[in-house]
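In order, the protein sequence lines correspond to chains E and L. Counting along the first sequence from 1, when you hit position 125 you're at 124 in numbering that gives the first Met the number 0, and nothing is skipped either side. Counting along the second sequence from 1, when you hit position 259 you're at 258 in numbering that gives the first Met the number 0, and nothing is skipped either side.
Protein chains: 2
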Amino acid sequence: MAEWAKQLAGIKGVLLDISGVLYDSGGEGGGVPIPGSIEAVEKIKASGLKLRFCTNETQATRGKFVAKLQRLGFNILVNEVTAPAPAACRILKERNLRPHLLVHDDLVPEFDQLDKANPNCVVIGDAADNFSYKNLNEAFRILIGLENPILISLGRGRYYKETDGLKLDVGVYMKALEYACDVQAEVVGKPAKMFFQSALAEMEVEPQQAIMIGDDIVNDVGGAQQCGMRALQVRTGKYRPCDEQHPEVKADGYVNNLAEAVDIIVKQLHK
Amino acid sequence: MAEWAKQLAGIKGVLLDISGVLYDSGGEGGGVPIPGSIEAVEKIKASGLKLRFCTNETQATRGKFVAKLQRLGFNILVNEVTAPAPAACRILKERNLRPHLLVHDDLVPEFDQLDKANPNCVVIGDAADNFSYKNLNEAFRILIGLENPILISLGRGRYYKETDGLKLDVGVYMKALEYACDVQAEVVGKPAKMFFQSALAEMEVEPQQAIMIGDDIVNDVGGAQQCGMRALQVRTGKYRPCDEQHPEVKADGYVNNLAEAVDIIVKQLHK
Numbered sequence: 000m001a002e003w004a005k006q007l008a009g010i011k012g013v014l015l016d017i018s019g020v021l022y023d024s025g026g027e028g029g030g031v032p033i034p035g036s037i038e039a040v041e042k043i044k045a046s047g048l049k050l051r052f053c054t055n056e057t058q059a060t061r062g063k064f065v066a067k068l069q070r071l072g073f074n075i076l077v078n079e080v081t082a083p084a085p086a087a088c089r090i091l092k093e094r095n096l097r098p099h100l101l102v103h104d105d106l107v108p109e110f111d112q113l114d115k116a117n118p119n120c121v122v123i124g125d126a127a128d129n130f131s132y133k134n135l136n137e138a139f140r141i142l143i144g145l146e147n148p149i150l151i152s153l154g155r156g157r158y159y160k161e162t163d164g165l166k167l168d169v170g171v172y173m174k175a176l177e178y179a180c181d182v183q184a185e186v187v188g189k190p191a192k193m194f195f196q197s198a199l200a201e202m203e204v205e206p207q208q209a210i211m212i213g214d215d216i217v218n219d220v221g222g223a224q225q226c227g228m229r230a231l232q233v234r235t236g237k238y239r240p241c242d243e244q245h246p247e248v249k250a251d252g253y254v255n256n257l258a259e260a261v262d263i264i265v266k267q268l269h270k
Numbered sequence: 000m001a002e003w004a005k006q007l008a009g010i011k012g013v014l015l016d017i018s019g020v021l022y023d024s025g026g027e028g029g030g031v032p033i034p035g036s037i038e039a040v041e042k043i044k045a046s047g048l049k050l051r052f053c054t055n056e057t058q059a060t061r062g063k064f065v066a067k068l069q070r071l072g073f074n075i076l077v078n079e080v081t082a083p084a085p086a087a088c089r090i091l092k093e094r095n096l097r098p099h100l101l102v103h104d105d106l107v108p109e110f111d112q113l114d115k116a117n118p119n120c121v122v123i124g125d126a127a128d129n130f131s132y133k134n135l136n137e138a139f140r141i142l143i144g145l146e147n148p149i150l151i152s153l154g155r156g157r158y159y160k161e162t163d164g165l166k167l168d169v170g171v172y173m174k175a176l177e178y179a180c181d182v183q184a185e186v187v188g189k190p191a192k193m194f195f196q197s198a199l200a201e202m203e204v205e206p207q208q209a210i211m212i213g214d215d216i217v218n219d220v221g222g223a224q225q226c227g228m229r230a231l232q233v234r235t236g237k238y239r240p241c242d243e244q245h246p247e248v249k250a251d252g253y254v255n256n257l258a259e260a261v262d263i264i265v266k267q268l269h270k
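Given below as C-alpha cells:
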C-alpha cells in the first residue's frame, strides 16, 4: 500500500479539481470524462465524506460549466463549486473597483452587477481566443494609464489540457501584463490561500481534515499543501512525468487517476 | 549647459535608436518623422562623426524598413543598420537550429536561407497582430515538446509608441512563453551586450568613444551603459517622465529630442 494511504485517519472532506481530473475539456461535446471519474464522484458522495469542487475554470459562468458537467454524466451542483469569478466579484465590490474585463465571452455575465464604466482595474481570466493582440493591447493601455495600476488575475495556471492538446492558460497572459506594466497581479483562484480557505469554510472542515486531488503540481498540490491540507496528484490531464521530480512541490501521493485515489480513500474510511 | 555636454571630448561615434527617436511608427504612411530628426541625421553625417542605427525593429526586413525611412525623408542605408534578425540568423546557423518563427509576416524573408522543417527552437519577434492566441499556443506546444526548449527573442522591449498609441512589444510575449515553459529566453537585440558590441565593431569605435541616443531607458540607455558607452534619453517616443527617476538606470543626459542632442554634440566637436 502506498505510504500516503496509511495516513488517512481523520479525513473528513475531499476537494476535487475539475479539468484534467474529472474530464478533459475541449472538442464538440465540450469534453470527455476521464474513465472512472463519474463513478468516483458518486462514491465520494455515498461515503459520507464532504465534497467540494475547487476549480480555476473561468471560460464560463458556474451555471453553464456545471450544466456541461451534468450532461457529461457528473453528479455535481452549482453550490458545490468554488470558482474564481464570484470571489473576484466580492473583492471588486468591497474595494469599489470598476473592472475592464479580459475574459471569455461566456464568463461576462458573472460580472453583470458591477459598474464597468471608466475602469480603474483590469480583470483577466482564461480568455482563450479572446487573447488577441488587440485585446491584450487594450487591457495594457488601460493599466498603464492608471496612476495605481491594479491587475486581478483569475488564476496563475500555465496551461491546461484539452482533447486536442495543451492550451495556454490565464497565468501566461497575467505574466505578460505584469511585465508590460511593471506591476504584480493579485491572484484570485488557486493557488491563493484565501481561495482554498473559502472552499474549506464552505465545507466546514479543517485543513488537516481535507485532501485535495488535482492534476496541477503547483496550483492544486502546492497551493493546498500551503494551506495545511494533504494533496494528491493524478496522472491524468496536464500531468507530466517530470512533475514527480518538481524542485519545489512534492505531492503526498501520486495516483493514476481519480478512481484509484477515491478507491483507496474510501477503503481506509471503513477500517 | 547640461553636465553631460561638458564631457564629450573624445566622442567619435553616435548610435541612434530609430523608432521613437527618428520617427513615430504607425498610421497610413508607416509613421511620422519627429520634428528636427531628418536634419539631425544629416548634421551627424556632415560632422565627420561615425553613425550607426541600432534598432530592435523586427516588423520588416532591414531592406523594407530602410526604404520606409527613406520615403519619410531620412538619409539612411541598409548597411548602416544593426538589427536583431540578421544577428539571430548567424546564431541559428552556427548552432544548427531550425526555427519555428513567431514573427511579423514581413520579417519572414530574413530567415529564407534557414531550414525550418521539424523545428528545434522558437524565434519570437515583434509579431503584432500575429500574436494571436492560436499562434502563441502553437509556439508554446513546439517549445514544451522539445527535450531542451530553446527560445530566442529578438528583443525584450515592453512596448513602443505608434501614432495611435502604445503597443505591446516582443518582450511581453517572450515573458509569456518563458513562464508557460519555465525557460529563459536568449535575447538577441538591445539590451544584449553582444548586439551593441557588434554595432561598435561595425563602426570601428571603442565604447568610451561612442554615445547612444534612445527613447527606452532600459534597453537603449541601460544596455549601452553596460557596454561602457555613454547614453542619452530623448523625451520623445515612448519616453515617460517617470523614466528620469528609474530605480536602476540613470541616463548620462536627458534631452527633449534628437535635434537638441545632436546640436549640443556637434557644437562640442568644434571647440
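Glycine included, each C-beta is placed from N, C-alpha and C at the ideal position.
Of all the alpha helix (DSSP H) runs that stay within the bounds of the region 89–168 of chain E, which reach a length of 4 or more residues?
132–143
Please tell me whether Asn55/L and Pro32/L are closer than 9 Å, where the distance is taken between their beta carbons.
Not closer than 9 Å, so no.
CB-CB under 7 Å to Gly222/E, same chain, minus the five flanking residues each way: which ones, in chain order?
Lys189, Pro190 and Phe195
For chain L, check one thing: does any of its Cβ atoms lie closer than 9 Å to the Cβ of Leu174/E?
It is worth fixing the name first, because residue 174/E is Lys in this sequence and not Leu. So yes, Lys174/E belongs to the interface.
With distance defined between alpha-carbon atoms, name the residue in Phe52/E, Ala127/E, Met193/E and Lys249/E nearest to Asn134/L.
Ala127/E
Using a Cβ cut-off of 9 Å (strictly closer), state whether Ile143/E contacts chain L.
yes
For His269/E, count the other beta carbons within 10 Å of its own beta carbon; 16 or more makes it buried, fewer makes it exposed. Which is it?
With fewer than 16 other Cβ atoms inside 10 Å of its own Cβ, His269/E counts as exposed.
Residue from Val254/E, Leu257/E, Met202/E and Glu247/E whose Cα sits closest to the Cα of Thr81/E
Met202/E
Strictly under 9 Å for the Cβ-Cβ distance: is Asp219/E near chain A by that measure?
The displayed structure is made up of protein chains E and L, and chain A is not among them.
Closest by CA to Gln112/L, which one among Glu79/L, Asn136/L and Ala87/L?
Closest in C-alpha terms to Gln112/L, from the list Glu79/L, Asn136/L and Ala87/L, comes Ala87/L.
Any idea if Cys241/E is buried or exposed, counting beta-carbon neighbours within 10 angstroms, 16 or more meaning buried?
exposed
Euclidean distance between Cα positions of Gln225/L and Gly252/L
So the two alpha carbons sit approximately 16 Å from each other.
For chain E, is any of its Cβ atoms less than 9 Å away from the one on Leu135/L?
yes
So, does the CB of Gly271/E fall closer than 9 Å to a CB anywhere in chain L?
There is no way to answer for residue 271/E, as the model of chain E reaches only from 0 to 270.
From the DSSP output, read off the bridge partner residues of Tyr22/E.
Ser18/E and Pro32/E
Which residues in the same chain as Ala179/L place their Cβ atom closer than 6 Å to its Cβ, once the five residues preceding and following it in sequence are excluded?
Phe139
Opposite Arg51/L in the DSSP bridges: which residues?
Leu14/L
Min CB distance Val171/L to chain E below 9 Å
At least one beta carbon of chain E lies nearer than 9 Å to the beta carbon of Val171/L.
Report buried or exposed for Asn256/L, applying the criterion of at least 16 other Cβ atoms within 10 angstroms of its Cβ.
buried
Note down, in chain order, every chain L residue with its Cβ under 8 Å from the Cβ of Tyr158/E.
Phe139, Ile143 and Ala179
Counting only beta-carbon atoms, is Asp105/L nearer than 9 Å to chain E?
With a threshold of 9 Å between beta carbons, Asp105/L makes no contact with chain E.
Contact under 9 Å by Cβ, Leu101/L with Asn119/L:
Not in contact: Leu101/L and Asn119/L (Cβ atoms no closer than 9 Å).
In chain order, each alpha helix (DSSP H) run of at least 4 residues that lies wholly inside the region 164–201 of chain E:
169–180
Would you please verify whether the beta carbon of Asp251/E is less than 9 Å from any beta carbon of chain L?
Not closer than 9 Å to any Cβ of chain L, the Cβ of Asp251/E fails to qualify, so no.
Can you name, in chain order, every residue of its own chain whose Cβ lies under 7 Å from the Cβ of Lys63/E, other than the five neighbours on each side?
Asp105
Could you have a look at Ile210/E and say whether DSSP puts it in helix, strand or coil?
For Ile210/E, the three-state secondary structure derived from DSSP is strand.
Euclidean distance between Cα positions of Leu76/L and Gly47/L:
17 Å
By how many angstroms is the C-alpha of Pro34/E removed from the C-alpha of Val265/E?
Val265/E and Pro34/E: Cα-Cα distance of roughly 18 Å.
Using the Cα positions of Ile143/L and Lys115/E, report the straight-line distance between them to the nearest angstrom.
37 Å
Spatial neighbours of Gly25/E within its chain, please: CB distance less than 6 Å, with the 5 preceding and 5 following residues excluded, ordered by chain position.
Non-local C-beta neighbours of Gly25/E in its own chain, meaning closer than 6 Å and more than five positions away in sequence, comprise Glu161, Thr162 and Asp163, ordered along the chain.
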